Amino acid sequence: MKTFATDKIRNIALVAPHGVGKTSLADAMLHVTGKVGRRGSVDDKSSVFDYSDEELDKKQTMTASMAWTEVGGVKINIIDTPGVADFRCDMYGALEVVEGVLFGVKADGGLEVSSDALWRTLRQRSTPMFLVVTRMNKEHADFQKAMKEFADHLDGTVVAAQLPIGEGEAFRGVVDLVANKAYTFADGKAQAIAIPAELADEAAIAREELMNAAAETDEALIEKFLEEGTLSDEELVRGLSAGIASGQVFPVYVTAADSEIGVVTLLEAVAQLMPSPAARTGLTGLRPGTAEPHTVAIGPGKPTLVYAFKYQREAQGGDQTWLRVWSGTLSSGDNLTTHAGDGERIGQLSFAVGKGREKVDSVAAGDIVLAAKLKNSRIGATLCAPGVEIQLPAPALPAPTSAEAITSANAGDEDKMGVGLNKLMEEDPSFQVRHEGELSQTLMVGQGEMHLAVILDRLRKQFGVEVLRKRPKVAFKETIKGTVEVQGRYKKQTGGRGQFGDVHLRLEPLPRGENFEFVDGIVGGVVPGKFIPAVEKGVRETMKRGVMAGYEMVDMRVTLFFGSYHNVDSSENSFKAAARIALQKGVPDAKPALLEPVMQVTIRVPESYLGDIMGDISSRRGQPQGMEAEGPIQVIKALVPQDEMYQYSTSLRAMTQGTGEFAMTFSHYAEVPGDVARQLIDAYQKSRTEDAD
Ligand SMILES: Nc1nc2c(ncn2[C@@H]2O[C@H](COP(=O)(O)OP(=O)(O)OP(=O)(O)O)[C@@H](O)[C@H]2O)c(=O)[nH]1
Ligand SMILES: [Mg+2]
């Protein structure tokens, strides 16, 4: 297999909301460059990139897939990423390893709520990006409208690098403003034509804007542009490349994937203007096993350094770890060390073309390659030749938005369920499973209900484990709002030695978040010092178990201010028991209350759904904190009890026809309203009497 030098490689990821046409564009890229003989299509299930049963079934990309092609001697590695928010895990992995992103926006729809969220994510990372206006041949395609939206709503210098010739059905070519040439396309190949007369003025103005954006990257270029009103072709390319590389200038391209218009010219622009891996000279991570930041120089001449950004279990050919080579060369048979100190022998390397594998022996820095059967390298692993000591950060994944309590449908399958979920987690770390002993439930959290459902479907198909889902129990807490003084007396006389402990406790509320304080207020040794830790222990244990509703008690000060003991019968255990009795007697009289976790929720929806969303928030006992318009999108912030956020992603999708997005993080504990608290307490007390029966 032919290999490419570092400066002859470009790594790009296609990023956009669902249905913008990323996969279709990627398929067209392979066909117009002759990598495949027939253009794959998502619609007739022949796509090179979407090939798994679940993707074909749902008509959406669910895991990243990759292929490469060649344009003018440059190898372009294309990573197609999922657009549906539930499945974006692989997008975050891809962003760690590419030099550039093609950011898709539909010509027939413009910016969407998730475009906005994605744009923000990418801007924070300063990722170089092209904006690609897709589906230019669709009815209602409107390039100028899209450009206006970009100008109004996207930060950064967004500037046309191409203009469409015709729109909708009439879309037939592009004017390339960098080359100052026009092209039509036959069989995907570009054919130069004269710039159509009706576009000449528009093209001249747009080219000047492009020059202006290019000039702004460099003092000398600005001066020249201001003085002479123009730049040479070489200066335009140099300035534009610099603006793109610094993540400040975003050129706009137009395409139609199915009619293969603008596709090859887009790839040529990638080869010409996107930064090459050779531009990367350093990487920052941590010294392995420490929190100490550490930077290393990277490049083709340095010792081998590679990073794992995706892991895929595969029936044929063994599991594949997707590796980005940052330094040196990587060859099959190399012996490297992971950041965790494990040895790793590099198995068979191959380039991916969708599910196809092209074996390769060795690749240069800058390339992306699949390695078979790595034992210790999962997503986020850094692998080095001896002497390099760095751990690169794992892909930054968003906080989970959905949770379900899970149990295996067949008793006895618990172990199989755990093993299967762990294996699936290696491929998709954007979901997690944890056992919550306190609430006796196994909780599965992820990026939406659809995400969790797909994981459980994989578990069933790949591991034969059937799982039941339930509404998760929320970690309520108990507390008190009033102060009481109470006596707890424990006395038992059973045959020989008895048990005796007697404590007087003052229970007082503490401010939220202060948890627990124990005060020893004993004077004159009425409770001997050696028993006092036992009293505190008894209090702590009882608080842990809860008194009113079976949830942990918090935010209470307990003062031991009086008591008595017996020379023979008193023991640590009897004082522990006395403390428990005191709490059980005292708490019900101390204005007990329940606390619940409250989430800070941020919801983004098109303006027209605002009313519905606000109504729904209040029906979930939520408190709106504010609203802000970001162009046509409303950003709503609210505090909502965690218990009320169950399956919110499904509700939001239904309320907004799939256009809304939300994120949430834990905010604080707040008091549960009386009626809700009453129900929880009654249910607990009832279950206790039933248990006692
Ligand atoms: N007419 C026309 N249709 C297109 C074009 N690009 C994509 N489509 C259609 O749009 C639909 C979605 O295309 P995909 O390529 O699957 O979109 P995607 O961005 O990969 O979607 P996700 O993977 O779910 O994020 C398909 O029915 C495509 O045929 C285009 O340029 N022209
Ligand atoms: Mg897709």
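According to our numbering, the sequence shown is numbered sequentially starting from -12.
Each residue gets a CB set at the ideal place from its N, CA and C atoms; glycine is no exception.
A quick note: this is a predicted structure, and the numbers were derived from the prediction, not measured.
Problem set entry | Assigned exposure category for Pro498 - 16 Cβ within 10 Å defines buried | For this step, residue 498 is matched to residue 511 along the sequence shown. Flag for Pro498 reads exposed.
Exercise. Taking all protein chains shown into account, do 16 or more other C-beta atoms lie within 10 angstroms of the C-beta of Asn124, making it buried, or fewer, making it exposed?
Worked result: Position 137 of the sequence shown, counted from the start, is the residue given in the question as residue 124. It counts as buried.
For this session: Give the DSSP bridge partners of Trp309, in chain order.
Result: The residue given as residue 309 occupies position 322 in the sequence shown. According to DSSP, Trp309 bridges with Lys297 and Leu357.
Exercise. Would the C-beta of Lys342 count as close to ligand 1, meaning under 7 Å from any of its heavy atoms?
Worked result: Numbered from its first residue, the sequence shown carries residue 342 at position 355. The answer is no for Lys342.
For this session: Give me the Cα-Cα distance between Val224 and Glu83, rounded to the nearest whole angstrom.
Result: Counting from one through the sequence shown, the residue named residue 224 turns up at place 237. Counting from one through the sequence shown, the residue named residue 83 turns up at place 96. When rounded, the distance between both Cα atoms is 26 Å.
Problem set entry | Boundaries (first-last residue) of the beta strand (DSSP E) holding Val406 | Counting from one through the sequence shown, the residue named residue 406 turns up at place 419. Per DSSP, Val406 belongs to no beta strand (DSSP E); it is in the alpha helix (DSSP H), Glu401 to Glu414.
Exercise. Looking at Ser11 and ligand 1, is the gap between the Cβ and the nearest heavy atom below 7 Å?
Worked result: Along the sequence shown, read from residue 1 onward, the residue named residue 11 stands at position 24. The answer is yes for Ser11.
Exercise. For the region 73 to 119, which segments carrying the alpha helix (DSSP H) assignment without a break, of at least 4 residues, lie completely within its bounds, in sequence order?
Worked result: 76 to 82 and 100 to 111
Exercise. Which of the three DSSP states, helix, strand or coil, is assigned to Asn560?
Worked result: On the sequence shown, residue 560 is found 573 positions in, with the first residue counted as 1. If DSSP states are grouped into helix, strand and coil, Asn560 belongs with the helices.
Exercise. Would the beta-carbon of Asp722 be found less than 7 Å away from any heavy atom of ligand 1?
Worked result: The chain is shown only over -12 to 680; residue 722 falls outside these bounds and no answer can be derived.
Exercise. Can you tell me the Cα-Cα spacing of Ala398 and Val454, whole angstroms?
Worked result: For the purposes of this step, residue 398 is taken as residue 411 along the sequence shown, with counting starting at 1. For the purposes of this step, residue 454 is taken as residue 467 along the sequence shown, with counting starting at 1. So the two alpha carbons sit approximately 10 Å from each other.
Problem set entry | Reference Gly226, options Val241, Tyr240, Glu206 and Glu401, closest by Cα | In the sequence shown, residue 226 corresponds to position 239, counting from 1. The shortest Cα separation from Gly226 among Val241, Tyr240, Glu206 and Glu401 belongs to Glu206.
Exercise. Which word fits Leu213, buried or exposed, when buried means at least 16 other C-beta atoms lie within 10 angstroms of its C-beta?
Worked result: Position 226 of the sequence shown holds residue 213. Result: exposed.
For this session: Below 7 Å CB to CB, which residues in the same chain sit around Asp77 once its five sequence neighbours on both sides are set aside?
Result: Walking along the sequence shown from the start, residue 77 turns up at place 90. Excluding residues within five positions, the ones whose Cβ falls inside 7 Å are Thr50, Ala51, Thr68, Pro69 and Lys297.
Problem set entry | Between the CA atoms of Pro611 and Lys91 - distance to the nearest angstrom | Translated into the one-based positions of the sequence shown, residue 91 becomes position 104. Translated into the one-based positions of the sequence shown, residue 611 becomes position 624. Note that residue 91 is Gly in the sequence shown, not Lys. Roughly 32 Å between the two C-alpha positions.
For this session: Tell me whether Thr308 is buried or exposed, calling it buried when 16 or more other Cβ atoms sit within 10 Å of its Cβ.
Result: The residue labelled residue 308 in the question sits at position 321 within the sequence shown. Buried.
For this session: Could you pull out every unbroken beta strand (DSSP E) segment of at least 3 residues lying fully inside the region 485 to 532, listed in chain order?
Result: 486 to 496 and 503 to 507
Exercise. When the Cα atoms are used, what is the spatial distance from Arg445 to Lys563?
Worked result: Mapped onto the sequence shown, residue 445 falls at position 458. Mapped onto the sequence shown, residue 563 falls at position 576. For Arg445 and Lys563, the distance between alpha carbons rounds to 49 Å.
Exercise. Should Arg665 be labelled buried (16 or more other beta-carbon atoms within 10 Å of its own) or exposed?
Worked result: Position 678 of the sequence shown, counting from 1, holds the residue named residue 665. Arg665 should be labelled exposed.
Exercise. If you compare alpha carbons, which of Gln335, Cys371, Arg344 and Ala352 is closest to Lys360?
Worked result: Within the sequence shown, residue 360 is the residue found at index 373, counting from 1. Among Gln335, Cys371, Arg344 and Ala352, the Cα nearest to that of Lys360 belongs to Gln335.
Problem set entry | Beta-ladder partner(s) of Pro69, from DSSP | By one-based count along the sequence shown, residue 69 stands at place 82. DSSP, once it has assigned bridges, lists no residue as partnering Pro69.
Problem set entry | Entirely enclosed alpha helix (DSSP H) segments - the region 326 to 373, minimum 4 residues | none
For this session: Check whether the Cβ atoms of Ser689 and Glu436 lie closer than 8 Å to each other.
Result: This structure cannot settle anything about residue 689, because the visible part of the chain is limited to -12 through 680.
For this session: Output yes or no for whether 8 Å exceeds the beta carbon distance between Ser314 and Pro290.
Result: Locating residue 314 in the sequence shown gives position 327, where the first residue counts as 1. Locating residue 290 in the sequence shown gives position 303, where the first residue counts as 1. For Ser314 and Pro290, yes; Cβs fall inside 8 Å.
For this session: Could you tell me whether the Cβ of Asn363 comes closer than 8 Å to any Cβ of chain C?
Result: The structure shown contains no chain C; it holds only a single protein chain.
Exercise. Cβ of Gly70 versus every heavy atom of ligand 2: is any distance shorter than 7 Å?
Worked result: Walking along the sequence shown from the start, residue 70 turns up at place 83. At least one heavy atom of ligand 2 is nearer than 7 Å to the Cβ of Gly70, so yes.
Problem set entry | DSSP bridge partner residues for Gly249 (one or two, in chain order) | By 1-based counting over the sequence shown, the position of residue 249 is 262. DSSP lists no partner for Gly249.
Problem set entry | Secondary structure of Asn64, DSSP reduced to three states | Residue mapping note: residue 64 aligns to position 77 of the sequence shown, counting from 1. Strand, per DSSP.
Problem set entry | Lys31 CB to nearest heavy atom of ligand 2 below 7 Å | Taking the sequence shown and counting its residues from 1, the one referred to as residue 31 is at position 44. Before going on, a small fix: residue 31 reads as Asp here, not Lys. For ligand 2, not one heavy atom lies less than 7 Å from the Cβ of Asp31.
Problem set entry | Beta-carbon proximity of Leu254 to Val58, cut-off 8 Å | Reading the sequence shown from its first residue, position 267 is the one you call residue 254. Reading the sequence shown from its first residue, position 71 is the one you call residue 58. Result yes, Cβ atoms of Leu254 and Val58 sit closer than 8 Å.
Problem set entry | Arg311 CB to nearest heavy atom of ligand 1 below 7 Å | Taking the first residue of the sequence shown as position 1, residue 311 is located at position 324. Outside the cutoff, so no.
Problem set entry | Coarse secondary structure for Arg675, derived from DSSP in three states | As a working note, residue 675 is residue 688 in the sequence shown. Arg675 falls in the helix class under three-state DSSP.
Exercise. Under a Cβ-count criterion, where at least 16 other Cβ atoms within 10 Å of its own Cβ denotes burial, should Val510 be classed as buried or exposed?
Worked result: Mapped onto the sequence shown, residue 510 falls at position 523. It counts as exposed.
For this session: Report yes if the CB atom of Val114 is closer than 8 Å to the CB atom of Val145, and no otherwise.
Result: Position 127 of the sequence shown, counting from 1, holds the residue named residue 114. Position 158 of the sequence shown, counting from 1, holds the residue named residue 145. Correcting the residue identity first, residue 114 is Thr in this sequence and not Val. Going by C-beta atoms, Thr114 is not nearer than 8 Å to Val145.
Problem set entry | Identity of the residue in Glu648, Gln131 and Phe653 nearest Arg75 by Cα | Along the sequence shown, one-based indexing puts residue 75 at 88. Of the candidates Glu648, Gln131 and Phe653, the one whose C-alpha sits nearest the C-alpha of Arg75 is Glu648.
For this session: Could you check the C-alpha separation between Val420 and Arg458 for me, to the nearest Å?
Result: As a working mapping, residue 420 is identified with position 433 in the sequence shown. As a working mapping, residue 458 is identified with position 471 in the sequence shown. Distance between the alpha carbons of Val420 and Arg458 is about 15 Å.
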